[in-house]
Structures are given as C-alpha cells and as structure tokens.
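To start, the structure itself, in structure tokens.
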Amino acid sequence: MSPSNTNKSLKKYNTFGIAASAKEIILLSEIKQLEHIPNLTGCSFIGGGSNILLTDDIDRTVVINQTRGICTVAEDEDYIELAVASGENWHDLVLYCIENNFGGLENMSLIPGSVGAAPMQNIGAYGKEIKDVLTYVSAVEIETLKKVRFTNEACEFGYRESIFKKTAKGKYFITDIGIRLTKRDHKINTSYGDIENYLKEGNITNPTIRNVSNAVIAIRQSKLPDPAVLGNSGSFFKNPIIEQAHFNTLKIKFPDIKSYPTPDGKVKVPAGWLIESLGWKGKRVGNTGSHAKQALVLVNYGGAKGKEVHALALAIQKSVLDTYQIQLDMEVNLM
Ligand code: EPU
Numbered sequence: 006m007s008p009s010n011t012n013k014s015l016k017k018y019n020t021f022g023i024a025a026s027a028k029e030i031i032l033l034s035e036i037k038q039l040e041h042i043p044n045l046t047g048c049s050f051i052g053g054g055s056n057i058l059l060t061d062d063i064d065r066t067v068v069i070n071q072t073r074g075i076c077t078v079a080e081d082e083d084y085i086e087l088a089v090a091s092g093e094n095w096h097d098l099v100l101y102c103i104e105n106n107f108g109g110l111e112n113m114s115l116i117p118g119s120v121g122a123a124p125m126q127n128i129g130a131y132g133k134e135i136k137d138v139l140t141y142v143s144a145v146e147i148e149t150l151k152k153v154r155f156t157n158e159a160c161e162f163g164y165r166e167s168i169f170k171k172t173a174k175g176k177y178f179i180t181d182i183g184i185r186l187t188k189r190d191h192k193i194n195t196s197y198g199d200i201e202n203y204l205k206e207g208n209i210t211n212p213t214i215r216n217v218s219n220a221v222i223a224i225r226q227s228k229l230p231d232p233a234v235l236g237n238s239g240s241f242f243k244n245p246i247i248e249q250a251h252f253n254t255l256k257i258k259f260p261d262i263k264s265y266p267t268p269d270g271k272v273k274v275p276a277g278w279l280i281e282s283l284g285w286k287g288k289r290v291g292n293t294g295s296h297a298k299q300a301l302v303l304v305n306y307g308g309a310k311g312k313e314v315h316a317l318a319l320a321i322q323k324s325v326l327d328t329y330q331i332q333l334d335m336e337v338n339l340m
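Counting from 6, one number per residue, gives the positions in the sequence shown under the working numbering.
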C-alpha cells in the first residue's frame, strides 16, 4: 500500500477494523469547520464507527467527527441537564457522570461509539435506552448548514430506531445532545437478571450507580468481545418482533425457543438464540464468524473484508428465515 493510501485507510475509524479506504479523510474538531468543506452533501460521516460495516472502499470524502465538550445547561437540587458534543466517546461520558454522581446512564456503560451516534439508533442495554434521558438533539442540516433542534418526541425513538435512520437519514450532522440526569434519588434499574445475579454475588443490597455501572461492565466484558482485540460492531442484528400466532406455531415445533412479551402484544425473540440454535455460534468462516460467547455479534478475526462479513450475515439471515420464517434485520449500517 502506498503512503497516501495508508493515510486514507478507515481501519482505525471503524470498530470492525475493516481496512477499506476513503477518497479523502477529514478530521473534524470543530463544527464550524463544516462550512469550509467543499461539496459537503457528497461526503460521508463517521462518529465512533461502532455501528457500521464498510462493505467496500468509499469513493467519497469521509468526515470523522472528533468534536469534544461537556457543559451544564441547567441544574437544580435534583437534576442536571448536560449538553454534550457529538464527537465525545460514549463510555467516557458515562464514566464522567458516574464520577460526578449523575444518574441515568449507568446501565449503558461500555457501549462502544460516539455520543452523536447514540440517538441515531437509540442505543440501549440492560433495561435502559438513551431516549429515557435525552432532552434534545441539535444538528446542522447538511444541505443548508442551518441549525436545527429535535425534541425527544421529534426524534421518533423506537427499538434501535429514530428519525435519523428513517426520513431524516443522511440529511443532518448531529452536533450535540442534551441529557437530563438525576443528582440524588437515582432511579436504580437492576431488573435485568444478569445485573441482579452480579450484585447478589457481591452481597450488594443497596446498589449505587457505580455498582450498577461496574456490574454492566463486568457482564459486557464476559460475553462481548473488546473491539480493540477482536473487531466487531456489537449486535449485528436486531432482536426480531413477531406476531403471537407465529410464535405459538414455532413454540410447538421448537419448545426451547426463548421469548419476551412486548407492550403491544407481540413477541420479541432473541436473535442470539435463533442464530445459536442453527449452529452458527462460534463458527468461523474465513476471516469472520459469529462470536463464541454471543452469537449475535459477528467478528473480524483479522484481515476480513466487509464483503466477507456481509456474506456471512446474509447466510445467517437466510438460514433463520428458512427454519423459523423470521426475517432478521441488521442493526449495523452498511456503508
Ligand atoms: N442468547 C442465546 N445465544 C446467544 C446469545 C443470546 O441463546 O449466543 C439468548 C439467551 O437466551 C439470552 C438472550 O438471548 O438470555 C438475551 O441475550 P443477551 O442478554 O446477551 O442480550 P441480546 O438480546 O442478545 C441485547 C442488545 C444488546 C444489549 C443486551 C443487554 C439488541 C440487538 N442487542 O442483546 O445491545 O447489550 O441486549 O441489554 O437489542 C447492541 O445493540 O449492539 C448490543 C450489544
């Protein structure tokens, strides 16, 4: 690879560690730099690069968001509202909040990626989603450079969904978000079985937000591969939601199938279970495979091409569809 190609490699800007290249890379440290980028509408944007799969080289300029800053917007005795720059690392923000005793993010500890990417897919883990604390998303409309603010409601949040993956897709550059956190009487949420077990083992009966964060970190580290060691993008697929009647039919044929009821009377089936049941868990195909401890996570064993990972994802989708008549949707965005 020539030195100029090396400089344009996106390998260190995506947690899958895919060695695709860009036409040009621009590191953005301040929002006002956007005004000076020619042909902004023809650019692609990457935040923490933790929810993308680069299936090919990108024949465009890629803007990497590295903006920083956390500041207080409003505060009283009970709550604090923070404005956080989109280029901040998500887990660093969580740690900052734990240090300062601001509650609300602890269940979402150690999620890879940037603050700006978090509302796009309404990140969530262990019983909490960013929509539970988010007050607003500020953005710049890429075509006009006009500043826009979305309220929580305007973001149209759903399970790993938001307006930024639907009608607003590709139209905005998220600049900062607002989050409202507790300063006392934290709403501790330990309902997720794994957290309860961890706390019980440690004889922790009255958990603090730091205890919950430590529990989540330990659980994640026990089954989710560290992207710095083994390239990955977290859950590759969403957990599918199916009709009750469909589930009832499956339950007769596959009595061990796992499920969770959804508020609207449907059934969520863990994709990890479906994938594992078909023998994919821990199976390696070339330089990629489904992780040995979490079937829902596809990994790069080193040198994998995005196309290879994509082919594996398609094969998994097909086998799940053939056996269970369930269409698995990708959580990861293809670029
Ligand atoms: N399971 C298996 N085999 C597997 C993996 C999971 O059978 O290989 C079954 C088990 O029955 C388990 C159930 O699936 O009890 C749920 O597994 P887990 O608790 O690991 O959670 P998940 O549903 O696989 C979701 C999120 C994760 C989040 C965890 C914890 C999605 C797509 N994924 O995973 O989010 O950390 O719950 O809340 O909703 C991500 O989005 O990137 C992500 C990692």
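Ideal Cβ placement from N, Cα and C applies to all residues, glycine included.
In this text the structure is predicted, and so the values were computed from the model without any measurement.
Please list the terminal residues of the continuous alpha helix (DSSP H) segment that includes residue i.
i	result
GLY22	Taken as a continuous stretch (DSSP letters only), GLY22 belongs to no alpha helix (DSSP H), as it is neither H nor E.
LEU45	Premise fails: LEU45 is in no alpha helix (DSSP H) and is neither H nor E.
LYS2	The structure shown does not extend to residue 2, since the chain is modelled only from 6 to 340, so the question has no answer here.
THR328	311-329
LEU150	LEU150 -> no alpha helix (DSSP H), and no H or E assigned at all.
TYR203	198-206
Taking all protein chains shown into account, do 16 or more other C-beta atoms lie within 10 angstroms of the C-beta of residue i, making it buried, or fewer, making it exposed?
i	result
VAL234	exposed
GLU336	buried
CYS102	buried
ARG225	buried
GLY198	exposed
GLY54	buried
ILE247	buried
LEU303	buried
GLU201	exposed
ASP327	exposed
ASN10	Its pLDDT being 38, under 50, ASN10 is placed unreliably by the model, and nothing is read from it.
ASP97	exposed
LYS136	buried
PRO260	exposed
GLN38	exposed
SER7	Residue placement at SER7 is poorly supported in this model, since its pLDDT is 35, which falls under 50; the coordinates are not used for a value here.
CYS48	buried
HIS41	exposed
ARG165	buried
GLY183	buried
LEU317	buried
Tell me, to the nearest whole angstrom, how far the beta carbon of residue i is from that of residue j; I am working on the premise that it is less than 8 Å.
i	j	result
GLY311	ALA25	6 Å
GLU161	LYS171	7 Å
SER114	ILE222	5 Å
ILE57	ASN19	6 Å
ILE321	ILE280	6 Å
VAL120	GLU93	4 Å
THR195	PRO212	6 Å
LEU301	SER227	Incorrect: roughly 15 Å between the Cβ atoms, too far for contact.
Taking only beta-carbon positions, decide if residue i is within less than 8 Å of chain D.
i	result
THR66	The structure shown contains no chain D; it is built from a single protein chain.
Within the continuous beta strand (DSSP E) that includes residue i, where are the two ends?
i	result
GLU29	27-33
ASP181	177-187
The ligand MN heavy atoms versus the CB of residue i: any closer than 7 Å?
i	result
TYR203	Here the bound small molecules are the ligand EPU; the ligand MN is not part of this structure.
Just list the alpha helix (DSSP H) runs in the stretch 253-306, keeping only unbroken ones of 4 residues or longer that don't cross its boundaries, in chain order. 276-282
Entirely within the stretch 60-130 and at least 3 residues each: give me those beta strand (DSSP E) ranges in chain order. 63-70, 75-80, 84-90
Which complete alpha helix (DSSP H) runs does the stretch 213-238 hold, if anything under 4 residues is left out? 214-228
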